[in-house]
Structures are given as C-alpha cells and as structure tokens.
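Peer 1: Yeah, the sequence shown ends on 369 if you go by the numbering used here, and it's all consecutive.
Next up is a structure, given as structure tokens.
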Amino acid sequence: MSNTENEKEKKVTKIAFTTGEPAGVGPDLALSLVTRPREETIVFFADPEVISARALAIGQQIKIIEIRDANQAVKVPPGYIQLIASACPNPTCVGTPDPLNSPYVLECLDKAVDSCVSGKLDAMVTGPINKEIINNAGISFTGHTEYIAQRLNAPLPVMMLTSDTLRVVLLTTHIPLSKVPSQINQRKIVEVVEIVHRELIGKFGIRNPRIQICGLNPHAGEGGHLGQEEESIIKPALEKLRSKDIIVNGPVSADSAFTDAARKEYDAIVAMYHDQGLVALKTIGFGSSVNLTLGLPIIRSSVDHGTALDIAGSGNVDSGSVEAALELAINISKIS
C-alpha cells in the first residue's frame, strides 16, 4: 500500500452537523450522536444554549466545547459536543417554532457549507428544518437542496433519497403538482440523468450504473392515449442518453417501477415528481433512509424526516435516519 493510501486510510473524517429547526428534533438528533465512541469527528453548528436546554430536558449529561473555526476540530470522547456557535435570537419553546429564529437556522447552515467548501470539513449532514416557518419569516425558501445549491452556484442540484434497497431521484422537487408537466423537458431529463450516472460512479463506486426512468402519466401514457409527455419528451431524452452510453430503461409506469425485481435490477430510479418517488421510498425505508444532494461541489446528506415537533424533547426520538445519513456521508467522503 502506498503512503498516500495509508494516509487516506488513517485520515479522520470530519463531518458538519446542522441541527436545523431549534424547536424540533434536530437538537435531540445531535445529542444522540454523542452517546458512544466514534471514529469520525463531528462538528455541530448550533446555539450552545439550545443544546444544553435540550440535554437537560431529556436527562442527558453533556459537556460543550466551543471552537471558532472548523480547522480547530479534534476527536472528542462520548458525552462531548464540539460546536461552532451561532446565537438563536429568541428563546426556544420545544415543539413551537418561532419564525424570528429562521435567520439563525440559515446562519448555521451557511457556516457549515462554508466549512465544507473550504475543505476544513469533509461532508455535512443536515438536521430537519421547517420550510413553512422560514417562509413565514419573509425568507423565500423551498428547501435545503435548492438553498445550498444557490449558495454554491450549482446550476442543477439533484435530490436523491436512498435506503438499503432503493435509490430514488426526483426530476422535480418542491413545486406544486400542477406545475410539474411544465417543468419536464428533454434537456432537464438528460442533464439530471447525466448527473445521476456520474455520481453513482463517483460517490457509490458503481462502474456501469443502470437507471430506470418513470413516466409522468398513468401507465407511462399508454402509448400517447393518457398523455403525450412520454412520447414527445421522455422517450427522445432517453435516446439521447443511450447515445452517450448511459444505461437507461423507460419510461415505465410508476406503479410497477419500485417492485422488488426493479430494485434489484437498477441502481437508481428517476421519478418525475416528489410524491411519485417518495411514497415508494418512505414506504420501504422510512426512518432509515437518507436524503443526498447530487450535483454539488460538497457532500451533503440529511435525514428522511421532518422536524417531528410532537416528539421533540421527549427522549423518544428515533436516530435511525441520522445515523444512516452520517454513515453515508462518511462512506462517500472516503470514496470521492
């Protein structure tokens, strides 16, 4: 083994974790990550008072180490939370989000992104945020995926959700269903699938990715009798992809795209819109699946669930998804 390979193997992976909405389960998830020894170093981005209060609420003993810059991060033992602080302007009432705290949520996110872009941290995992509350604060916000992409000038972020047995990619993300058809075109399909193809190779180590494409309409348009998008848009786009030696199948009817056989045969399935893909994904792997943003210059994963305001601070938060998100971020950082 070369010295370079030895160094890469010994290198401690450093991960940013943003706690998201302070009234939700994000702080609980952060606390769950420091209960046992870890090979990786985690730097949390949060208000130390929010973390301390949540630890008190659930009866967890912690010690907080504040650092000013991510390059100061070191491995810490269980029970220690190493964080870069931002101030949450209003007191946090667990379970009741305050729009006035939205700038704090985004400040934590910005700091984590900057730490990854600079190379001080290897990847970031984001806790759940409340899009409605941020918009209620007068800040236009459609989601982590779009926000981070805009901050990094990434022209086409791609949302993938992955579980042990399924990877789902969304062609369109957080838009009303009525606007989906107008957002589907040949160029977008080609560009999204090219990104998926490239990232399956680069982030997952899959040599010759096989990608299945859902149709938009019932029964994939039934030969044009139930809609024209498959014939006029999706099929020509897939022919262009095949001409680039990208292995694609489709368009297939979404009601049979996620079967056991399909999940075994294909490395990813592209859905035309949000619920078309996520109903299947969350039915199969809710609580243990991960949101991964493709097409960014950094690695970003996230939990597959929302802020869960009703159980925040209860001590009964399931950490399955955040552990999976952390594991995926670590694995990708070692491959990339």
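Glycine residues also receive a C-beta, built at the ideal position from the N, C-alpha and C atoms.
Source: prediction; values computed, not measured.
Looking at the structure shown, is Lys47 part of a helix, part of a strand, or coil, going by DSSP?
Peer 2: DSSP places Lys47 in strand when its eight states are reduced to three.
Peer 1: Between the C-alpha atoms of Ser369 and Gly53, what's the straight-line distance to the nearest angstrom?
Peer 2: Distance between the alpha carbons of Ser369 and Gly53: 26 Å.
Peer 1: Comparing C-alpha positions only, which one of Gln105, Pro110, Asp102 and Ile234 sits nearest to Pro70?
Peer 2: The candidate whose alpha carbon is nearest that of Pro70 is Pro110.
Peer 1: Tell me whether Ser35 is buried or exposed, calling it buried when 16 or more other Cβ atoms sit within 10 Å of its Cβ.
Peer 2: With a pLDDT of 43 at Ser35, under the threshold of 50, the predicted position of this residue should be treated as unreliable, though the coordinate-derived value follows. Ser35 should be labelled exposed.
Peer 1: Between Ser196 and Glu255, what straight-line distance do the alpha-carbon atoms span, to the nearest angstrom?
Peer 2: Answer to the nearest angstrom: the Cα atoms are 30 Å apart.
Peer 1: Three or more beta-carbon pairs under 8 Å between the stretch 194 to 213 and the stretch 288 to 306, yes or no?
Peer 2: Short answer: they touch.
Peer 1: Classify Val350 as helix, strand or coil using the three-state DSSP reduction.
Peer 2: In this structure, Val350 counts as coil in the three-state DSSP scheme.
Peer 1: Using the three-state DSSP reduction, which class does Asn169 fall into: helix, strand or coil?
Peer 2: In this structure, Asn169 counts as helix in the three-state DSSP scheme.
Peer 1: Have a look at Glu262 and Pro242 and give me their C-alpha separation to the nearest angstrom.
Peer 2: Distance between the alpha carbons of Glu262 and Pro242 is about 25 Å.
Peer 1: Taking the alpha-carbon of Pro148 as reference, which of Gly283, Lys277 and Lys47 has the nearest alpha-carbon?
Peer 2: First, the residue type needs correcting, since residue 148 is Ser and not Pro in the sequence shown. Checked all of Gly283, Lys277 and Lys47; the closest Cα to Ser148 is Lys47.
Peer 1: Please classify Glu40: is it buried, with 16 or more other beta-carbons within 10 angstroms of its beta-carbon, or exposed?
Peer 2: Confidence in Glu40 is poor, its pLDDT being 46 and thus under 50, which makes the residue's placement too unreliable to answer from.
Peer 1: In or out: Ala270 buried (at least 16 other Cβ within 10 Å) or exposed?
Peer 2: With 16 or more other Cβ atoms within 10 Å, it is buried.
Peer 1: Quick check: the Cα distance between Pro330 and Thr125, rounded to an integer number of angstroms?
Peer 2: Cα-Cα distance, rounded: 33 Å.
Peer 1: Give the C-beta separation of His84 and Ala63 to the nearest angstrom, bearing in mind that I take them to be a contact with Cβ-Cβ under 8 Å.
Peer 2: The amino acid occupying residue 84 in the given sequence is Ile; His does not appear at that position. Right, their Cβ atoms sit about 6 Å apart.
Peer 1: Once you ignore the five residues that flank Lys236 on each side, which residues in its own chain have a CB closer than 7 Å to its CB?
Peer 2: Only Ile365, Ile368 and Ser369 meet the Cβ criterion.
Peer 1: For Ile98, name the three-state secondary structure that DSSP assigns.
Peer 2: Reduced to three states, the DSSP call for Ile98 is strand.
Peer 1: Classify Lys41 as helix, strand or coil using the three-state DSSP reduction.
Peer 2: In this predicted model, Lys41 has a pLDDT of only 46, less than 50, meaning its place in the structure is not dependable; the value taken from the coordinates is given anyway. Correct three-state label for Lys41: helix.
Peer 1: Across the stretch 185 to 194 and the stretch 318 to 332, are there enough close Cβ pairs to call them in contact, namely three or more that are closer than 8 Å?
Peer 2: Contact between the stretch 185 to 194 and the stretch 318 to 332 is present, because at least three Cβ pairs lie under 8 Å.
Peer 1: Taking a contact to mean a Cβ-Cβ separation below 9 Å, would you say Ile244 touches Asn282 in this structure?
Peer 2: Taking 9 Å as the Cβ cut-off, Ile244 and Asn282 qualify as a contacting pair.
Peer 1: Counting along the chain, where does the alpha helix (DSSP H) carrying Ile84 start and finish?
Peer 2: First-last of the alpha helix (DSSP H) with Ile84: Pro81 to Ile91.
Peer 1: Can you list, in chain order, the stretches of the alpha helix (DSSP H) that have 4 or more residues and sit fully within the stretch 110 to 181?
Peer 2: Within the stretch 110 to 181, the complete alpha helix (DSSP H) runs of at least 4 residues are 135 to 150 and 164 to 169.
Peer 1: If Val158 sits next to Phe50, beta carbons under 8 Å apart, how far is it from one beta carbon to the other, in whole angstroms?
Peer 2: With a Cβ gap of about 5 Å, Val158 and Phe50 count as contacting.
Peer 1: Using the rule of at least 16 other Cβ atoms within 10 Å of the residue's Cβ for burial, across every protein chain shown, is Ser151 buried or exposed?
Peer 2: Classification of Ser151: exposed, given that the 10 Å Cβ count is below 16.
Peer 1: Nearest to Asn168 by alpha carbon, out of Ala290, Ile228, Ala56 and Leu133?
Peer 2: Of the candidates Ala290, Ile228, Ala56 and Leu133, the one whose C-alpha sits nearest the C-alpha of Asn168 is Leu133.
Peer 1: Output yes or no for whether 9 Å exceeds the beta carbon distance between Ile172 and Ser215.
Peer 2: Cβ distance not < 9 Å, so Ile172 and Ser215 don't count as in contact.
Peer 1: Would you give the residue range spanned by the alpha helix (DSSP H) that Arg231 belongs to?
Peer 2: From DSSP, the alpha helix (DSSP H) with Arg231 extends over Gln219 to Gly235.
Peer 1: Ser369 lies in the alpha helix (DSSP H); which residues open and close that run?
Peer 2: It is not in any alpha helix (DSSP H) - Ser369 carries neither H nor E in the DSSP assignment.
Peer 1: May I have the straight-line CA-CA distance separating Thr37 from Lys164, to the nearest angstrom?
Peer 2: In this predicted model, Thr37 has a pLDDT of only 45, less than 50, meaning its place in the structure is not dependable enough to derive any value.
Peer 1: Can you tell me whether Glu42 is buried or exposed, with buried defined as 16 or more other CB within 10 angstroms of its CB?
Peer 2: With a pLDDT of only 48 at Glu42, under the threshold of 50, the placement of this residue in the model should not be trusted; the figure read from the coordinates follows. Exposed is the call here.
Peer 1: From the DSSP output, in three-state form, read off Thr316 for me.
Peer 2: If DSSP states are grouped into helix, strand and coil, Thr316 belongs with the helices.
Peer 1: From the DSSP output, in three-state form, read off Asn282 for me.
Peer 2: Asn282: strand per DSSP, three-state reduction.
Peer 1: By the DSSP assignment, the alpha helix (DSSP H) with Ser65 in it spans what residues?
Peer 2: Gly59 to Ser65 is the extent of the alpha helix (DSSP H) around Ser65.
Peer 1: Tell me whether Lys144 is buried or exposed, calling it buried when 16 or more other Cβ atoms sit within 10 Å of its Cβ.
Peer 2: Buried, by the Cβ-count rule.
Peer 1: If you drop the 5 nearest sequence neighbours on each side, which residues of the same chain put their C-beta closer than 6 Å to that of Lys273?
Peer 2: Answer for Lys273: Val223, listed in chain order.
Peer 1: For Ala270, name the three-state secondary structure that DSSP assigns.
Peer 2: It is helical.
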